[in-house]
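K.L.:
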Amino acid sequence: MTRLKEWFSSGRSTGKHTMPFVVILLAITFLASAANLYLPEDSALYVSTYTITLLGKYLCYAMLALAVDIIWGYCGILSLGHGAFFALGGYAMGMYLMRQIGDRGVYGHPTLPDFMVFLDWQELPWFWLGMDQFWFAMIMAVLVPGLLAFVFGWLAFRSRVTGVYLSIMTQALTYALLLAFFRNEMGFGGNNGLTDFKEIVGFDLQADSTRVSLFMITAFLLAIVFVISQRILSSRFGKVVLAIRDAESRSRFIGYRTDRYKVWLFVYSAVIAGIAGALYVPQVGIINPGEFSPINSIEMVIWVAVGGRGTLIGAVIGAILVNYAKTRFTAILPDAWLFALGAMFVFVTLYLPKGLMGIYAQLMAKRKTAKPQKSEESQA
Amino acid sequence: MRHLIALCCCLFGLLSLPAFSAESPISKELLTELVDTKLSKLQPVVAKIEATSGEDALPLFNTLLAGKLYYVRATKDVVGQYTLDGDKRYQDVFTSQDVNGLDKPSFGSKEVKKIRVNNKLRVYLRKAIAGIQLTSKSPAVREDAVHALLAKLDKNTVEIIEELYPKEANKKVKEAMGLALALNVANDKAATVSSRLKAIETLSGSLENSVRNHLTKLTNDDNASVVKAANGALEKIAQRANRFAFIDQLFFGLSLGSVLLLASIGLAITFGVMGVINMAHGEMIMLGAYTTYVVQLLMPNHIDYSIWVAIPAAFMVSGLMGVLIERLVISRLHGRPLETLLATFGISLILQQLVRTIFSPLNRQVSTPSWMSGSWEINPVLSLTLNRLYILAFALLVFIILVAILRKTSLGLNVRAVSQNRNMAKAMGVKTHRVDAMTFGLGSGIAGVAGVALSQLTNVGPNLGQAYIIDSFMVVVFGGVGNLLGTLVAAFSLGIATKFLEPTTGAVLAAIIVLVFIILFIQKRPKGLFPQKGRAAE
Numbered sequence: 105m106t107r108l109k110e111w112f113s114s115g116r117s118t119g120k121h122t123m124p125f126v127v128i129l130l131a132i133t134f135l136a137s138a139a140n141l142y143l144p145e146d147s148a149l150y151v152s153t154y155t156i157t158l159l160g161k162y163l164c165y166a167m168l169a170l171a172v173d174i175i176w177g178y179c180g181i182l183s184l185g186h187g188a189f190f191a192l193g194g195y196a197m198g199m200y201l202m203r204q205i206g207d208r209g210v211y212g213h214p215t216l217p218d219f220m221v222f223l224d225w226q227e228l229p230w231f232w233l234g235m236d237q238f239w240f241a242m243i244m245a246v247l248v249p250g251l252l253a254f255v256f257g258w259l260a261f262r263s264r265v266t267g268v269y270l271s272i273m274t275q276a277l278t279y280a281l282l283l284a285f286f287r288n289e290m291g292f293g294g295n296n297g298l299t300d301f302k303e304i305v306g307f308d309l310q311a312d313s314t315r316v317s318l319f320m321i322t323a324f325l326l327a328i329v330f331v332i333s334q335r336i337l338s339s340r341f342g343k344v345v346l347a348i349r350d351a352e353s354r355s356r357f358i359g360y361r362t363d364r365y366k367v368w369l370f371v372y373s374a375v376i377a378g379i380a381g382a383l384y385v386p387q388v389g390i391i392n393p394g395e396f397s398p399i400n401s402i403e404m405v406i407w408v409a410v411g412g413r414g415t416l417i418g419a420v421i422g423a424i425l426v427n428y429a430k431t432r433f434t435a436i437l438p439d440a441w442l443f444a445l446g447a448m449f450v451f452v453t454l455y456l457p458k459g460l461m462g463i464y465a466q467l468m469a470k471r472k473t474a475k476p477q478k479s480e481e482s483q484a
Numbered sequence: 134m135r136h137l138i139a140l141c142c143c144l145f146g147l148l149s150l151p152a153f154s155a156e157s158p159i160s161k162e163l164l165t166e167l168v169d170t171k172l173s174k175l176q177p178v179v180a181k182i183e184a185t186s187g188e189d190a191l192p193l194f195n196t197l198l199a200g201k202l203y204y205v206r207a208t209k210d211v212v213g214q215y216t217l218d219g220d221k222r223y224q225d226v227f228t229s230q231d232v233n234g235l236d237k238p239s240f241g242s243k244e245v246k247k248i249r250v251n252n253k254l255r256v257y258l259r260k261a262i263a264g265i266q267l268t269s270k271s272p273a274v275r276e277d278a279v280h281a282l283l284a285k286l287d288k289n290t291v292e293i294i295e296e297l298y299p300k301e302a303n304k305k306v307k308e309a310m311g312l313a314l315a316l317n318v319a320n321d322k323a324a325t326v327s328s329r330l331k332a333i334e335t336l337s338g339s340l341e342n343s344v345r346n347h348l349t350k351l352t353n354d355d356n357a358s359v360v361k362a363a364n365g366a367l368e369k370i371a372q373r374a375n376r377f378a379f380i381d382q383l384f385f386g387l388s389l390g391s392v393l394l395l396a397s398i399g400l401a402i403t404f405g406v407m408g409v410i411n412m413a414h415g416e417m418i419m420l421g422a423y424t425t426y427v428v429q430l431l432m433p434n435h436i437d438y439s440i441w442v443a444i445p446a447a448f449m450v451s452g453l454m455g456v457l458i459e460r461l462v463i464s465r466l467h468g469r470p471l472e473t474l475l476a477t478f479g480i481s482l483i484l485q486q487l488v489r490t491i492f493s494p495l496n497r498q499v500s501t502p503s504w505m506s507g508s509w510e511i512n513p514v515l516s517l518t519l520n521r522l523y524i525l526a527f528a529l530l531v532f533i534i535l536v537a538i539l540r541k542t543s544l545g546l547n548v549r550a551v552s553q554n555r556n557m558a559k560a561m562g563v564k565t566h567r568v569d570a571m572t573f574g575l576g577s578g579i580a581g582v583a584g585v586a587l588s589q590l591t592n593v594g595p596n597l598g599q600a601y602i603i604d605s606f607m608v609v610v611f612g613g614v615g616n617l618l619g620t621l622v623a624a625f626s627l628g629i630a631t632k633f634l635e636p637t638t639g640a641v642l643a644a645i646i647v648l649v650f651i652i653l654f655i656q657k658r659p660k661g662l663f664p665q666k667g668r669a670a671e
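Residue numbers (our numbering), protein chains in the order written: chain A, 105 to 484; chain B, 134 to 671.
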């Protein structure tokens with residue numbers, strides 16, 4: 105057990121939240137799932153399936169925020185195009201789910217999805233082949249974002265495109281993909297995207313049990329990704345990444361191939377975003393080109409900024425809090441949400457550069473100075 | 134005082150309108166004769182009117198030809214019938230003003246009588262109209278008349294043209310007349326083959342649609358050499374038309390380039406020269422466009438001049454907003470570009486939502502001044518829309534002014550000093566904070582002016598700015614940051630490239646290709662087309 109604890113909390117200060125985080129996350133997941141499945145609907149503690157799906161959605165966002173934080177918080181690369189990787193992962197899952205509909209579509213064609221029949225296509229485009237296999241689609245959900253990130257990152261980091269330029273480039277990338285996916289000729293359902301899914305690996309997507317399972321899988325994967333990311337970032341590789349963030353030229357002069365570190369971190373981050381997208385689509389039941397829109401990508405950045413960049417736990421908390429606020433706001437005052445979001449951007453960057461985790465750290469530091477003996481005890 | 138007098142004049146003008154009755158350019162006796170004469174004997178009367186009144190009789194003849202000429206039984210006044218909202222009403226033939234006044238009921242069908250025409254008279258009228266127009270004093274009228282006749286040449290009109298051709302002094306009119314005559318000869322099967330071939334040769338220089346139609350008909354002619362010549366002429370015409378189509382495409386490319394230039398030139402100042410990234414730049418454009426809308430709302434009767442008010446107003450609104458943003462947010466984030474990006478993005482969201490709340494999320498209608506609408510027709514296949522032409526000129530003008538400000542004024546000197554070495558400039562006594570605010574205000578103000586121009590081309594809505602922000606960043610980065618001339622070159626080359634790609638790939642794919650090209654280009658040359666020379670390491 106101690107070894108396990110050590111493993112979880114390796115990397116000293118940065119890893120100290122890992123164990124409690126994983127425990128709390130999984131505990132909440134189990135409790136919420138059990139409350140949905142085993143409690144009667146009129147019970148006070150019953151958690152509705154709607155809430156479960158909502159929580160699952162938040163966890164997908166949390167994973168996405170983790171991906172953004174890994175490169176922004178730890179390596180100083182501000183990507184305004186992570187929505188693209190998220191959406192690509194989502195589209196891979198969407199294509200699988202689309203093939204699973206089979207002949208139950210409106211037009212009842214055995215292989216072609218409805219929108220292709222509607223466009224009068226005769227056969228499946230080559231990139232839809234194999235997508236009826238779950239494993240293949242999942243490989244694609246990871247591979248396609250990863251490959252795109254590799255090509256983009258390899259080109260960008262090798263020619264030392266940094267800072268604001270890189271941000272604008274990533275935004276242009278997701279914008280180009282947005283325009284491309286809006287086209288019907290692309291074969292991804294155009295404007296409407298992919299929707300009307302029926303089942304996933306044989307389970308009905310509308311069933312409570314499927315929804316709860318998806319939620320639990322998301323939570324597990326988030327925990328795993330969290331732990332792995334923590335391990336990577338506190339390893340030697342992670343130290344170099346931090347060095348690149350703080351002084352890239354110096355790291356380069358010392359002899360590190362900074363571009364390679366950045367490329368691999370970028371690919372890793374994109375893969376996580378892809379996984380998050382793949383988990384997101386079956387839970388919300390639709391994927392459309394809107395996910396590529398630059399504003400989505402920039403919203404992810406604010407989740408991380410609110411939570412506190414450079415801390416994985418901050419990204420997760422930020423994503424959940426901001427999205428909870430969004431859900432509440434859009435229900436009560438739909439017009440006010442953009443005001444609130446905009447104000448959040450300005451306020452956080454001006455007054456909370458380290459986000460909520462920064463406040464937390466400040467509070468902890470104050471307590472430490474107030475009670476010096478006690479903190480010595482706990483350290484011992 | 135002057136306004137008051139103008140107002141009085143307007144009022145008097147309004148009051149006197151209903152009572153207004155124009156002195157008819159044709160004498161009352163002749164018109165009475167026209168009314169009294171029987172149909173069979175009408176032609177000499179028409180001839181008399183033609184002889185005495187000439188060009189003034191055109192509206193009368195046209196109305197008569199259209200069968201819309203009536204007379205009032207009681208007064209024997211000649212009136213023209215027209216329909217308004219399904220009602221038959223009557224107007225003065227010459228002034229086109231309703232004879233009864235629009236607020237009063239019109240004549241009943243028993244009170245007026247139609248002046249009838251027969252085919253013989255119609256033929257005569259057409260010839261008379263053509264004759265009057267062809268002998269008009271204005272060359273433009275004469276030219277239009279010849280062009281109108283090209284499609285329906287007959288013996289009578291050819292006779293008139295033949296008669297007038299040697300006397301014609303205007304080159305353009307003479308050319309058109311020559312064309313008409315050549316057309317006649319080419320179609321004339323009785324003429325000698327050599328003269329027909331020569332006529333076709335003349336025709337091959339024309340781009341008129343009717344000429345092309347006639348030539349296409351001639352390719353089915355009995356005479357083989359005529360067919361061959363007609364085919365050759367058609368090919369020649371097609372080549373010329375293609376050349377003009379190319380120019381047309383180029384113009385559209387330049388037009389898009391001017392839009393890109395306008396959208397990105399403010400950014401070239403704030404991002405390029407100052408190095409401050411402003412994601413709310415698009416919203417500055419949007420504010421300018423909305424200012425145009427508001428100005429038009431405030432002066433609904435002077436749309437034609439409203440743009441001259443809107444340009445400075447938009448500059449002030451966007452410029453002040455820019456100064457405000459700089460003072461409140463950007464100056465506090467100095468040296469932290471990524472945070473500046475996020476904060477200004479937040480501002481852009483707030484501004485968008487603000488506009489949405491104040492003006493509704495729907496697009497607003499901004500009307501084009503009359504002097505900007507319409508098009509400049511160079512020849513039958515090439516016509517350039519005036520508003521695009523004006524905006525192209527306007528974009529270049531703004532660019533030149535901006536370059537002049539940066540090169541020739543003390544503000545420009547300070548801006549360059551601060552952007553090159555902030556601390557040194559400060560040490561030399563430049564008030565850097567003031568310069569920052571002024572520069573940002575200038576860049577934002579220019580964006581507002583761009584908004585005025587864009588409101589003439591696209592829909593004015595809350596998302597107007599968002600549509601341009603990525604494009605403008607691409608232009609600035611592609612051209613080379615800190616280089617205004619680079620921005621100019623980049624804007625026009627991207628505009629032209631997009632428009633030349635569009636016919637083959639479609640609009641969306643063209644935009645994607647250009648975007649991907651820039652992304653790849655920046656990877657290859659991170660400093661853009663025209664990199665700034667300097668010794669900074671990074």
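C-beta: ideal position from N, C-alpha, C; glycine also.
This one's a predicted model, so the numbers in the text were calculated from it and none came from an experiment.
1) Express the C-alpha separation of alanine 560 of chain B and arginine 460 of chain B in angstroms, rounding to a whole number.
2) May I ask whether a heavy atom of the ligand NAP can be found less than 7 Å away from the beta carbon of isoleucine 265 of chain B?
3) Output, in chain order, the set of chain A residues within a Cβ distance shorter than 8 Å of methionine 419 of chain B.
4) In its own chain, which residues sit with a C-beta less than 7 Å from the C-beta of glutamate 416 of chain B, not counting the 5 before and 5 after it?
5) Would you grab the beta carbon distance between leucine 170 of chain A and valine 420 of chain A for me? Rounded to a whole angstrom, and I think it's under 8 Å.
6) Suppose you measure from the CA of phenylalanine 194 of chain B to the CA of arginine 259 of chain B; what does that come to, to the nearest Å?
7) Assuming valine 608 of chain B contacts alanine 623 of chain B (C-beta within less than 8 Å), just tell me the rounded distance between them.
8) Quick check: the stretch 239 to 251 of chain B against the stretch 264 to 278 of chain B, are at least 3 beta-carbon pairs closer than 8 Å?
9) How long is the line joining the alpha carbons of aspartate 102 of chain B and leucine 662 of chain B, rounded to whole angstroms?
10) Closer than 9 Å, Cβ to any Cβ of chain B: which residues of the stretch 386 to 413 of chain A, in chain order?
11) Just curious, the alpha helix (DSSP H) that isoleucine 533 of chain B is in, first and last residue?
12) For alanine 357 of chain B and alanine 371 of chain B, what's the separation of their Cα atoms in angstroms?
13) Under a CB-based cut-off of 8 Å, is proline 470 of chain B close to chain A?
14) With H, G and I counted as helix, E and B as strand and the rest as coil, what does DSSP make of glutamine 226 of chain A?
15) What are the boundary residues of the beta strand (DSSP E) that tryptophan 407 of chain A is part of?
16) Terminal residues of the continuous beta strand (DSSP E) containing threonine 170 of chain B?
17) Would a C-beta distance cut-off of 8 Å place valine 178 of chain B and glutamate 166 of chain B closer than the cut-off?
18) Helix or strand or just coil, what does DSSP make of alanine 155 of chain B?
19) Check whether the stretch 448 to 464 of chain B and the stretch 518 to 535 of chain B are in contact - that is, three or more C-beta pairs closer than 8 Å.
20) Methionine 197 of chain A versus chain B: which residues are under 7 Å apart at the beta carbon?
21) So, for glycine 459 of chain A: in the same chain, excluding its five sequence neighbours on each side, which residues have a beta-carbon less than 7 Å away from its beta-carbon?
22) What number of angstroms, rounded off, separates the C-alpha of isoleucine 182 of chain B from the C-alpha of leucine 202 of chain B?
23) What separation, rounded to the nearest whole angstrom, lies between the Cα atoms of alanine 155 of chain B and phenylalanine 227 of chain B?
24) Please identify the residue among B/Arg555, B/Ile262, B/Ser503 whose C-alpha is closest to the C-alpha of aspartate 569 of chain B.
25) Can you look up glutamate 341 of chain B in the DSSP assignment and give me helix, strand or coil?
26) Going along chain A, which residues have a C-beta under 7 Å from proline 659 of chain B?
27) At least one CB of chain A closer than 8 Å to the CB of glycine 479 of chain B: is that the case?
28) Within the same chain, show all residues whose beta-carbon is closer than 7 Å to that of threonine 205 of chain B, passing over the 5 residues directly before and after it, in chain order.
29) With DSSP as the reference, identify every bridge partner of asparagine 512 of chain B, one or two as the case may be.
30) For arginine 497 of chain B, list the residues DSSP reports as bridge partners.
31) Would threonine 415 of chain A be called buried (16 or more neighbouring beta carbons within 10 Å of its own) or exposed?
32) Closest Cβ-Cβ distance between threonine 490 of chain B and chain A: below 8 Å?
33) Is there at least one Cβ from chain B nearer than 8 Å to isoleucine 436 of chain A's Cβ?
34) Check whether the stretch 379 to 386 of chain A and the stretch 194 to 204 of chain A touch, using three or more Cβ-Cβ pairs below 8 Å as the test.
35) Which residues in chain A have a C-beta closer than 7 Å to the C-beta of phenylalanine 606 of chain B? List them in chain order.
P.N.:
According to the data block:
1) 21 Å
2) For the ligand NAP, the structure offers nothing, since it holds no ligand at all.
3) Correct list: empty, because the minimum Cβ distance to chain A is about 14 Å.
4) Ser481, Leu484, Gln485, Gly598
5) 6 Å
6) 9 Å
7) 5 Å
8) no
9) One cannot answer for residue 102 of chain B here, as it falls past the ends of chain B, which runs 134 to 671.
10) Pro398, Ile399, Ile402, Val405, Ile406, Ala409
11) For isoleucine 533 of chain B, the enclosing alpha helix (DSSP H) stretches over residues 519 to 541.
12) 21 Å
13) yes
14) Residue state, collapsed to three classes: coil.
15) Looking at the DSSP string, tryptophan 407 of chain A is not in any beta strand (DSSP E); the run it does join, the alpha helix (DSSP H), is 398 to 411.
16) Unbroken run through threonine 170 of chain B: none, as it is neither H nor E.
17) yes
18) In this predicted model, alanine 155 of chain B has a pLDDT of only 46, less than 50, meaning its place in the structure is not dependable enough to derive any value.
19) no
20) Neighbours of methionine 197 of chain A in chain B, taken as residues at a C-beta separation under 7 Å, are lacking, since the least C-beta distance is about 24 Å.
21) Ala409, Val410, Gly411, Gly412, Arg413, Gly418, Gly422, Val452
22) 15 Å
23) Caution is warranted here: a pLDDT of 46 is assigned to alanine 155 of chain B, below 50, making its placement in the model unreliable, and no coordinate value can be reported.
24) Comparing Cα-Cα distances from aspartate 569 of chain B to each of B/Arg555, B/Ile262, B/Ser503, the minimum goes to B/Arg555.
25) Residue state, collapsed to three classes: coil.
26) Ser263, Arg264, Val265, Tyr269
27) By this cut-off, glycine 479 of chain B is an interface position.
28) Note that residue 205 of chain B corresponds to valine in the displayed sequence, not to threonine. Val212, Phe240, Glu244, Val245.
29) Assignment of beta-bridge partners to asparagine 512 of chain B by DSSP yields B/Leu515.
30) Beta-bridge pairing links arginine 497 of chain B to B/Val593.
31) buried
32) yes
33) no
34) yes
35) Ile272
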